[in-house]
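2 protein chains.
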Amino acid sequence: MGTILVVGTVAIDSIETPFGKEDEVLGGSATHFAAAASFLAPVRLVGIVGEDFPLDDLKFLKARKVDLSGLKVGRGKSFRWAGRYSYDMNRRDTLRTELGVIENYSPEIPAEWKNPDHLFLGNIDPKFQMKVLEEAGRPKKIYIDTMNLWIETQRKWVEEVLAKAHLVVINEEEARQLTKETSLVKAAKQIGSWGPVAIVIKRGEYGALLFYKGEIFSAPGLQLEEVKDPTGAGDTFAGGLVGYLAMSDQFDFEHLKKGVIIGSAMASFNVEDFGPNRLKDLEIGEIQGRIAEFQKLGSFGKIEI
Amino acid sequence: MGTILVVGTVAIDSIETPFGKEDEVLGGSATHFAAAASFLAPVRLVGIVGEDFPLDDLKFLKARKVDLSGLKVGRGKSFRWAGRYSYDMNRRDTLRTELGVIENYSPEIPAEWKNPDHLFLGNIDPKFQMKVLEEAGRPKKIYIDTMNLWIETQRKWVEEVLAKAHLVVINEEEARQLTKETSLVKAAKQIGSWGPVAIVIKRGEYGALLFYKGEIFSAPGLQLEEVKDPTGAGDTFAGGLVGYLAMSDQFDFEHLKKGVIIGSAMASFNVEDFGPNRLKDLEIGEIQGRIAEFQKLGSFGKIEI
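So the protein lines, in turn, are chains A and B.
So for the first sequence, the working numbering puts the first residue at 1; every next one is plus one.
So for the second sequence, the working numbering puts the first residue at 306; every next one is plus one.
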């Protein structure tokens, strides 16, 4: 069992979906990631919130042994994001971004947390991702997330960070945007040529693809009757995936495939409620049950023709 | 082993894709369907072509024991379709449709072909689908395809045909358009309430979903580096699916799942070249090889957490 260090945002979100509206709910990439990963392995979190942050909202993470001693309370307001989802949930518009304390924040890794077994860099400015990599010593495994904004505005930094990563988690559109390839096979090959040995491409309701040393694995998307709020689905996906790799301390095709399924299960819970609410009182038996659903969803017997 | 009766179009297509342009290639829903289904079961084809049709192009179907004695050569020109695909192949524009002999055609079922084991109604005007159903006697199993055009212009007829079908093959967008439901689970439930016990939703590069008596199966999409021409992918998919159901003469969840995989394999070959060209000299060993790829693509071992 390895320990995970996560560096990312801890935020306050305001979200509108066709199913409702919630103001000032818990958000952030590190929050969602830790909420999922902590079911599987010990998590240490580095990030910043403002003086106005309702720290009580993080109690459920502490109860699950997430070490929050790397979470700084800075002077000023917390990072806030407000967004609205389209009717089919496939598009979202950012209504407001207030950087607050994040604006002048430079992540610091506590001395005793350096050289982590597993380092996950949530979706933050790739310049900061790079700084964390310089500070973190020699992580055994490095996993990174990124987003369209950084690909558009800081492509060179994104590529530099990718060169250091063992695994990257990226959206389908972002993979195409980054590589200018339509075929995801070609896109994954190109990203792989820059550094990461494992490329995980998220496809929302369609599931996820894993590319690893010339092999491909396709994870189905669970068919849900209702998706309440997709926010944080990608981060909980990464949390389940990296959590399982840390739990097993393995990094091969078999474990990566299982990790992708566990990530998909975590994400499928996360979208059932606003913010990470559904993960708060989730039980391990429920996760196992959903993994069994994934197993069944794509299984078929031996075909003879 | 049951025999399949297919009623649909036999056409001449002109196709532009980012990978090339081909004028006057073999097309039509019945053609593509028969090209795929004939690997698995005997096929009888009902349709019409014009006096200008290059009947030699159908030789490969005859060689595979497709009975073309129900293919009428009418006075006038063959049905022609011309289309252009967008860069990512996800959208196509119809450039030209020339109905020709189809305009005044009313499908007739030869007397000795009535009461078929398996009847597939390709994507033609639902009024004609209904007429075929009236003429066909008592088919043991009825499979139908439809398209957005008919849903927009002849919804009532589409619903009447659906009420008679055991299985419907429909695109994701068409399923949503038909039911006005975003969730495919809800869409499939609604379609099922109108008649069909099996609903197969095609999702292009993302694979296909099968809904059957409250159960769901998700077939992955094969990741291809190059797609040359998607025309007829849906019909070859249906051909593989219905072909397998006819070959096994079974209609339960296990056989439907396997049929969906065989259909996916057939479609994945079809898109490798223009028209049904790739299916002309395809060998059964290649199909088996691709089915094995599908088996591997979505498999993962027992997960313990």
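Every residue, glycine too, gets a C-beta built ideally from N, C-alpha and C.
Could you list which residues in chain A have their beta carbon closer than 8 Å to that of residue 508 of chain B, in chain order?
206
Can you say whether residue 86 of chain A is buried or exposed, counting buried as having 16 or more other CB atoms within 10 angstroms of its CB?
exposed
Taking all protein chains shown into account, decide if residue 12 of chain A is buried (16 or more other Cβ within 10 angstroms of its Cβ) or exposed.
buried
Which stretch, first to last residue, makes up the alpha helix (DSSP H) that contains residue 320 of chain B?
Run containing residue 320 of chain B: none in the alpha helix (DSSP H); it sits in the beta strand (DSSP E), 316 to 322.
Can you find a CB in chain B that lies within less than 7 Å of the CB of residue 297 of chain A?
yes
is_contact[residue 3 of chain A, chain B] using C-beta, thresh 7 Å
no
Are the region 269 to 282 of chain A and the region 574 to 588 of chain B in contact at 8 Å, needing three or more beta carbon pairs?
no
Tell me whether the beta-carbon of residue 447 of chain B lies closer than 7 Å to the beta-carbon of residue 469 of chain B.
yes
Cα-Cα separation, residue 264 of chain A to residue 237 of chain A:
6 Å
Using the beta-carbon of each residue, which ones in chain A are nearer than 9 Å to residue 606 of chain B?
254, 257, 258
Interface partners of residue 269 of chain A on chain B, CB under 8 Å
Going along chain B, no residue has its Cβ under 8 Å from residue 269 of chain A, so there is no contact; the nearest lies around 14 Å.
Taking only runs that begin and end inside the region 481 to 525 of chain B, name each unbroken alpha helix (DSSP H) of 4 or more residues, in chain order.
489 to 499
What three-state label does DSSP hand residue 583 of chain B in the structure shown?
helix
Roughly how many angstroms lie between the CA atoms of residue 605 of chain B and residue 295 of chain A, to the nearest whole one?
8 Å
Just checking my contact of residue 100 of chain A with residue 76 of chain A at CB under 8 Å: how many whole Å lie between their CB atoms?
5 Å
Anyone know if the C-beta pair for residue 580 of chain B and residue 330 of chain B falls short of 7 Å?
yes
Between residue 444 of chain B and residue 193 of chain A, what straight-line distance do the alpha-carbon atoms span, to the nearest angstrom?
55 Å
Helix, strand or coil at residue 171 of chain A according to DSSP, with G and I counted as helix
strand
Classify residue 590 of chain B as helix, strand or coil using the three-state DSSP reduction.
helix
Identity of the residues DSSP links to residue 446 of chain B by a beta bridge
B:423
Looking only at DSSP bridge pairs, what is residue 327 of chain B linked to?
B:320
Excluding five sequence neighbours on each side, which residues of the same chain lie with their C-beta closer than 7 Å to the C-beta of residue 201 of chain A?
170, 172, 175, 184, 188, 208, 209
Beta carbon proximity, residue 186 of chain A to chain B, threshold 7 Å:
yes
By the DSSP assignment, the beta strand (DSSP E) with residue 366 of chain B in it spans what residues?
First-last for residue 366 of chain B: 364 to 368, but that is the alpha helix (DSSP H), not the beta strand (DSSP E).
Where the alpha helix (DSSP H) through residue 468 of chain B begins and ends:
460 to 469
Candidates A:305, A:116, A:160, A:180: closest to residue 553 of chain B by CA position:
A:305
Which chain B residues sit within Cβ distance under 8 Å of residue 284 of chain A?
610
Which residues in the same chain as residue 531 of chain B place their Cβ atom closer than 8 Å to its Cβ, once the five residues preceding and following it in sequence are excluded?
324, 577
Any residues in the region 373 to 394 of chain B with a beta carbon nearer than 8 Å to a beta carbon of chain A? Which ones, in chain order?
392, 393, 394
For residue 209 of chain A, return the contacting residues in chain B, with the cut-off set at a CB-CB distance below 8 Å.
528
So, with DSSP's three-state summary, where would you put residue 454 of chain B?
helix
What in chain A is Cβ-close to residue 523 of chain B, meaning under 7 Å?
220, 297, 298
Inter-residue spacing [alpha-carbon to alpha-carbon] between residue 421 of chain B and residue 144 of chain A:
57 Å
Limits of the unbroken beta strand (DSSP E) element including residue 374 of chain B:
371 to 378
Measuring CB atoms only, is the region 547 to 561 of chain B touching the region 341 to 357 of chain B, in the sense that at least three cross pairs come out at less than 8 Å?
yes
From what residue to what residue does the alpha helix (DSSP H) around residue 31 of chain A run?
29 to 37
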